[in-house]
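> Next up is a structure, given as structure tokens.
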């Protein structure tokens, strides 16, 4: 079943390259809807577009509910958080997502790359440090995650991401800061528990 899905997915992409050889004339993210309107009868166009919209909405509401659950359960850390608090958190997350979708000028692909670069900048230095057998306290880990995320965001905001992908300097800084600054200065005598 997975192989058939992969074959169909790749065949749609390859067909789009054949039907639309000039990719500068249209948005590549709209290849499937454009191909369906050109090649299929109206009833099948409606079915395909309904499937695309249903998949998009399913993903969007799962992401919104997951993010609001993280806000109410993990960040707020309220054992008995009220239903009202959860609804407000969901409304806030929905408004943020809506404003990004309405006012964001980038394509979905660029936004996904941006999100992955922030995730990689935050977690990759920690994974590498753990792989090298080093131990981190919670304070050190949060310091590295925060600084690397800030560097990745700043690198992209300054426009330097075109030259060097923003994850590389953030990871380099995170690992370097641990071995040069954090490890010698803070030492291992902190009273906090190791991660």
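Numbering (this note's numbering), first residue to last: -16 to 178. Here a beta-carbon is modelled for each residue, glycine too, at the ideal position from N, C-alpha and C. All of these numbers come straight from a predicted model, not from anything done at the bench.
(1) Are the stretch 79 to 87 and the stretch 116 to 133 touching by the rule of at least three beta carbon pairs closer than 8 Å?
(2) Leaving aside the five residues before and after residue 19 along the sequence, list all residues of the same chain whose C-beta is less than 8 Å from its C-beta, in chain order.
(3) Is there contact here, the stretch 68 to 78 with the stretch 88 to 100, by at least three beta-carbon pairs under 8 Å?
(4) Less than 8 Å between the CB atoms is what I'm expecting for residue 154 and residue 114, so what's the real figure, rounded?
(5) At which residue ranges does the stretch 11 to 91 contain complete alpha helix (DSSP H) runs of 4 or more residues, listed in the order of the chain?
(6) Let's see if you can read the secondary structure: which residues bound the alpha helix (DSSP H) around residue 151?
(7) On the criterion of 16 or more Cβ atoms from any shown chain inside 10 Å, does residue -12 qualify as buried, or is it exposed?
(8) How many whole angstroms separate the CB atoms of residue 112 and residue 163, which I take to be in contact at a CB cut-off of 8 Å?
(9) Can you have a look at residue 140 and say buried or exposed, based on whether 16 or more other CB atoms are within 10 angstroms of its CB?
So, to answer that:
(1) no
(2) The count along the chain shown starts at 1 and reaches residue 19 at position 36. 27, 28, 31 and 32.
(3) no
(4) Your numbering for residue 154 matches position 171 in the chain shown. Your numbering for residue 114 matches position 131 in the chain shown. About 13 Å separates the beta carbons of residue 154 and residue 114, which is beyond the 8 Å limit, so they are not a contact pair.
(5) 14 to 22, 25 to 52 and 66 to 86
(6) Walking along the chain shown from the start, residue 151 turns up at place 168. Where residue 151 is concerned, the enclosing alpha helix (DSSP H) stretches over 150 to 160.
(7) Residue -12 sits at position 5 when you count from the first residue of the chain shown. That one is exposed.
(8) Against the chain shown, residue 112 aligns to sequence position 129. Against the chain shown, residue 163 aligns to sequence position 180. Not quite, the Cβ-Cβ distance comes to about 13 Å (not below 8 Å), so this is no contact.
(9) Reading the chain shown from its first residue, position 157 is the one you call residue 140. When all chains shown are included, residue 140 counts as exposed.
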